[in-house]
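Letter by letter, the sequence shown follows residues 73 to 434 in our numbering.
Glycine residues also receive a C-beta, built at the ideal position from the N, C-alpha and C atoms.
Below: the structure, in structure tokens.
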Amino acid sequence: MAEAPSTSPETSNPPRPLVVEDPRYQDHQPPGGHPERPERLVAVGRAIAERESELARQAPRPADDEELLRVHPAAHLSNITEAVRRAPAQLDADTYVSPASLEVARLAAGASVDLARAVAQGDAPSGLAAVRPPGHHAEADRAMGFCLFNNVAVAARALQREERAERVLILDWDVHHGNGTQHSFEEDRDVLYFSTHQYPYYPGTGAFHEAGRGAGVGSTVNVPMPPGCGDGEYIGVARRILAPVARGFRPDVILVSCGFDAHAVDPLASMDLSGEGFLALARIVRALANDLCGGRLALVLEGGYAAEGLEEGTGAVLEALLESPPAALPDGAAPDPGTTLRALIEGCRAVHAGRFEDLGAL
Ligand SMILES: [Zn+2]
């Protein structure tokens, strides 16, 4: 994007999207050959650096025990602390800790809280926390899938606790299902968890029929997608399933579990999203935030294991956040949905029809 014209004083520019990025996120050190490695953030950082002049920055702060304990029991903190004491160590086949991992994981959760809070209270219009380790697989009582603490869940609980938001929509477009996030909120009707993910695939959860429990029935929406889905399917799901769900739920803020592993080049998954596809997706989500909750939109990095996918995806997200005026929701009829999208719409309708008006409509 072009530089702001020099005649316009900085104070008259619109508030800038907030980015959290910090070299300490690279101190969580994997065993050799592990895909969740510090270099991921170098790729993300290239996309941020390209737009540096248009972004605001915020330094991360470690989440304290009180914040983490809203999601995780004390035994989980003790387990992570103990594992870090004997680091390098494995918590499961995929999930490792190095000597700095506790501090780095606290910084990831703390950055997520602070970004969500800044957006919820209007200090920033939107933002991206470029953190690691990721969070959405972390169960309340168990680290898994490269995740130690559930960053987005800790952020959503902070907003609720501080009464900065009554209803929080968590959109998880990482290619994997966010089992930990779903389980943290499945009985909470004020936090709607919406996930698109490759299915069946790791971690195995995220079927259509997983729709919440107790008072939370209906506030979990899963869109399990077959391998090979690309821009058409993702955009179709965003317009025809996510948009009516979001309109029905009326969030006060939207948090995104922002993985870039649905990118076509990602080595860990088999989806086919392009950089343009991520841009279209991010535009739709920003348009929904503008329509429904004053634009309040905070994205927290999850997965993404190819440098090219991370850089393109991050660039697409920042472009969508920076566009002025922001893109509106596309109107008019979408192209033929195709059999895959049709099946996804039918699967969601079978579980959620009656809860959300116009589910599956154009
Ligand atoms: Zn993932």
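Pick from the options that is closest to residue i, judged by C-alpha positions
{"i": "residue 372", "options": "252, 87, 92", "result": "92"}
{"i": "residue 199", "options": "222, 190, 205, 207", "result": "190"}
{"i": "residue 293", "options": "128, 275, 250, 307", "result": "250"}
{"i": "residue 170", "options": "143, 194, 204, 184", "result": "204"}
{"i": "residue 320", "options": "419, 428, 214", "result": "428"}
{"i": "residue 316", "options": "213, 356, 98", "result": "356"}
{"i": "residue 259", "options": "280, 233, 288", "result": "288"}
{"i": "residue 211", "options": "279, 148, 238", "result": "148"}
{"i": "residue 394", "options": "376, 377, 367", "result": "367"}
{"i": "residue 141", "options": "227, 86, 279", "result": "227"}
{"i": "residue 194", "options": "119, 88, 291, 431", "result": "88"}
{"i": "residue 280", "options": "100, 234, 124, 423", "result": "423"}
{"i": "residue 345", "options": "392, 106, 339, 306", "result": "306"}
{"i": "residue 392", "options": "99, 318, 126, 290", "result": "126"}
{"i": "residue 218", "options": "313, 374, 124", "result": "374"}
{"i": "residue 154", "options": "220, 201, 133, 106", "result": "220"}
{"i": "residue 166", "options": "132, 214, 384", "result": "214"}
{"i": "residue 363", "options": "318, 290, 160", "result": "318"}
{"i": "residue 134", "options": "161, 94, 238", "result": "94"}
{"i": "residue 378", "options": "352, 331, 291, 420", "result": "331"}
{"i": "residue 230", "options": "156, 192, 322, 124", "result": "192"}
Close beta carbons around residue i, own chain, < 7 Å, minus the five adjacent residues each side
{"i": "residue 96", "result": "176, 179"}
{"i": "residue 253", "result": "208, 222, 224, 225, 242, 244, 265, 329"}
{"i": "residue 102", "result": "108, 109, 168"}
{"i": "residue 256", "result": "143, 212, 222, 225"}
{"i": "residue 425", "result": "431"}
{"i": "residue 90", "result": "128, 130, 187, 190, 196, 199"}
Cβ-heavy atom distance, residue i to ligand 1, below 6 Å
{"i": "residue 247", "result": "yes"}
{"i": "residue 333", "result": "yes"}
{"i": "residue 252", "result": "no"}
{"i": "residue 375", "result": "yes"}
Own chain partners of residue i with C-beta closer than 6 Å, once the 5 adjacent residues on each side are dropped
{"i": "residue 400", "result": "359"}
{"i": "residue 341", "result": "247, 270, 333"}
{"i": "residue 164", "result": "216"}
{"i": "residue 412", "result": "305"}
{"i": "residue 232", "result": "none"}
{"i": "residue 384", "result": "347"}
C-alpha distance - residue i paired with residue j, whole-angstrom precision
{"i": "residue 409", "j": "residue 304", "result": "8 Å"}
{"i": "residue 365", "j": "residue 324", "result": "5 Å"}
{"i": "residue 286", "j": "residue 145", "result": "21 Å"}
{"i": "residue 433", "j": "residue 284", "result": "23 Å"}
{"i": "residue 49", "j": "residue 196", "result": "The structure shown does not extend to residue 49, since the chain spans only 73 to 434, so no value can be given for it."}
{"i": "residue 416", "j": "residue 151", "result": "39 Å"}
{"i": "residue 158", "j": "residue 174", "result": "12 Å"}
{"i": "residue 184", "j": "residue 390", "result": "17 Å"}
{"i": "residue 348", "j": "residue 354", "result": "10 Å"}
{"i": "residue 130", "j": "residue 418", "result": "43 Å"}
{"i": "residue 262", "j": "residue 240", "result": "6 Å"}
{"i": "residue 104", "j": "residue 382", "result": "20 Å"}
{"i": "residue 182", "j": "residue 369", "result": "17 Å"}
{"i": "residue 343", "j": "residue 274", "result": "14 Å"}
{"i": "residue 282", "j": "residue 414", "result": "19 Å"}
{"i": "residue 234", "j": "residue 138", "result": "13 Å"}
{"i": "residue 188", "j": "residue 327", "result": "7 Å"}
{"i": "residue 297", "j": "residue 277", "result": "12 Å"}
{"i": "residue 113", "j": "residue 299", "result": "26 Å"}
{"i": "residue 236", "j": "residue 361", "result": "16 Å"}
{"i": "residue 119", "j": "residue 295", "result": "29 Å"}
{"i": "residue 98", "j": "residue 396", "result": "33 Å"}
{"i": "residue 398", "j": "residue 162", "result": "44 Å"}
{"i": "residue 238", "j": "residue 291", "result": "14 Å"}
{"i": "residue 309", "j": "residue 301", "result": "11 Å"}
{"i": "residue 352", "j": "residue 117", "result": "21 Å"}
{"i": "residue 106", "j": "residue 404", "result": "45 Å"}
{"i": "residue 86", "j": "residue 160", "result": "45 Å"}
{"i": "residue 387", "j": "residue 350", "result": "9 Å"}
{"i": "residue 202", "j": "residue 267", "result": "20 Å"}
{"i": "residue 313", "j": "residue 421", "result": "9 Å"}
{"i": "residue 172", "j": "residue 100", "result": "6 Å"}
{"i": "residue 156", "j": "residue 124", "result": "34 Å"}
{"i": "residue 136", "j": "residue 111", "result": "27 Å"}
Check: residue i C-beta below 6 Å from any heavy atom of ligand 2
{"i": "residue 238", "result": "The model on display carries ligand 1 but not ligand 2."}
Other residues of its chain near residue i: CB distance less than 8 Å, five sequence neighbours each side excluded
{"i": "residue 380", "result": "115, 335, 337"}
{"i": "residue 311", "result": "356, 401, 402, 406, 434"}
Which whole runs of the beta strand (DSSP E) in the stretch 246 to 295 are 3 residues long or more, in chain order?
-> 263 to 270
Unbroken stretches of the alpha helix (DSSP H), 4 residues or longer, contained in the stretch 310 to 363 | 315 to 321
Starting from the N-terminal side, write out each stretch of the beta strand (DSSP E) that is 3 residues or longer and does not extend beyond the stretch 358 to 393.
-> 369 to 373
Continuous beta strand (DSSP E) assignments of at least 3 residues falling wholly in the stretch 168 to 218 = 198 to 201
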